[in-house]
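If you read the sequence shown in the working numbering, its first letter stands for residue 179, the second for the next number, and so on.
Ideal Cβ positions, reconstructed from N, Cα and C, are used throughout, including at glycine.
Following: one structure in structure tokens, then a few remarks.
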Amino acid sequence: MPIEFDDVAVNKASIIERSIKRMLEEYAADPKLSDFTHIDALTLNLERACQAAIDLAFHRCLLRKLGMPQTSSDAFRLLERSGLIKKETAQKMTAMVGFRNVAIHEYQILDMDVLRAIAGGGWRSLVQYLEDLGLRIRPL
């Protein structure tokens, strides 16, 4: 069952699209992740994209009356159980949001290999998440 195209859904998809574009620009400018300014900008845009994905998940859960998620992981699980997103998508989104939490709350232990993996292609999980919900973006 695809998502209804309400203003919230379209806005969150737009934020994710814009954030992915910025992440890709920053990664292209510093693929070795050696410059703190590029790392910081990449991380900030990852956080923005993840927050928009979380907001969209909570929005869908509430509109569809799937329950009140207590965490972002709960929200993705509820969407998966209801058939709105695939199990693999829910798992990848939960992992990405977990990394986002580390990046935001404990920046000093940020795993550059994980950041590189997200910037190098892991961001496609965000695109898949939106596609599962019936939304299309063009991050490239």
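Legend entry - DSSP state of residue 179 mapped onto helix, strand, coil: Position 1 of the sequence shown, counting from 1, holds the residue named residue 179. Summary for residue 179: the model assigns pLDDT 49, below 50, so the residue's position carries little reliability; its value from the coordinates is reported in the next sentence. Of the three classes helix, strand and coil, the one that applies to residue 179 here is coil, per DSSP.
Legend entry - Element boundaries [alpha helix (DSSP H), containing residue 208]: The residue you call residue 208 lines up with position 30 of the sequence shown. That residue, residue 208, is in no alpha helix (DSSP H); it is neither H nor E in DSSP.
Legend entry - Residues near residue 275 in its chain [Cβ-Cβ closer than 6 Å; skip 5 each side]: Position 97 of the sequence shown holds residue 275. Excluding positions up to five away in sequence, the list reads 228 and 250.
Inset, instruction - Put residue 269 into one of helix, strand or coil per three-state DSSP. - result: In the sequence shown, residue 269 corresponds to position 91, counting from 1. Residue 269 falls in the helix class under three-state DSSP.
Legend entry - Within 7 Å, strictly: CB atoms of residue 272 and residue 307: Working through the sequence shown from its first residue, we reach residue 272 at position 94. Working through the sequence shown from its first residue, we reach residue 307 at position 129. No, they are not a contact pair.
Legend entry - Opening and closing residue of the alpha helix (DSSP H) in which residue 310 lies: As a first step, residue 310 must be located in the sequence shown, where it is residue number 132. Residue 310 -> alpha helix (DSSP H) spans 302 to 310.
Inset, instruction - Just the C-alpha distance for residue 281 and residue 219, rounded to the nearest angstrom, thanks. - result: Numbered from its first residue, the sequence shown carries residue 281 at position 103. Numbered from its first residue, the sequence shown carries residue 219 at position 41. Answer to the nearest angstrom: the Cα atoms are 12 Å apart.
Inset, instruction - Quick one: grab the DSSP three-state call for residue 246. - result: For the purposes of this step, residue 246 is identified with residue 68 of the sequence shown, where counting begins at 1. In the structure shown, residue 246 sits in coil (DSSP, three-state: anything other than H, G, I, E or B).
Inset, instruction - Starting from the C-beta of residue 242, find all residues in its chain whose C-beta is less than 7 Å away, skip the five residues before and the five after it, and write them out in chain order. - result: Taking the first residue of the sequence shown as 1, we reach residue 242 at position 64. Cβ within range, chain order: 260.
Inset, instruction - Within its chain, find whatever has a CB closer than 7 Å to the CB of residue 198; leave out the 5 residues flanking it on each side and keep chain order. - result: Indexing the sequence shown from 1 puts residue 198 at position 20. If we look at residue 198 and ignore the five residues flanking it on each side, its Cβ neighbours are 227, 301, 304 and 317.
Legend entry - CB of residue 195 within 7 Å of CB of residue 315, strictly: Here residue 195 corresponds to residue number 17 of the sequence shown, with the count starting at 1. Here residue 315 corresponds to residue number 137 of the sequence shown, with the count starting at 1. Going by C-beta atoms, residue 195 is nearer than 7 Å to residue 315.
Inset, instruction - Taking 7 Å as the cut-off, decide whether the C-beta atoms of residue 201 and residue 297 are in contact. - result: Here residue 201 refers to the residue found at position 23 when the sequence shown is read from its first residue. Here residue 297 refers to the residue found at position 119 when the sequence shown is read from its first residue. Yes, Cβ-Cβ distance for residue 201 and residue 297 is below 7 Å.
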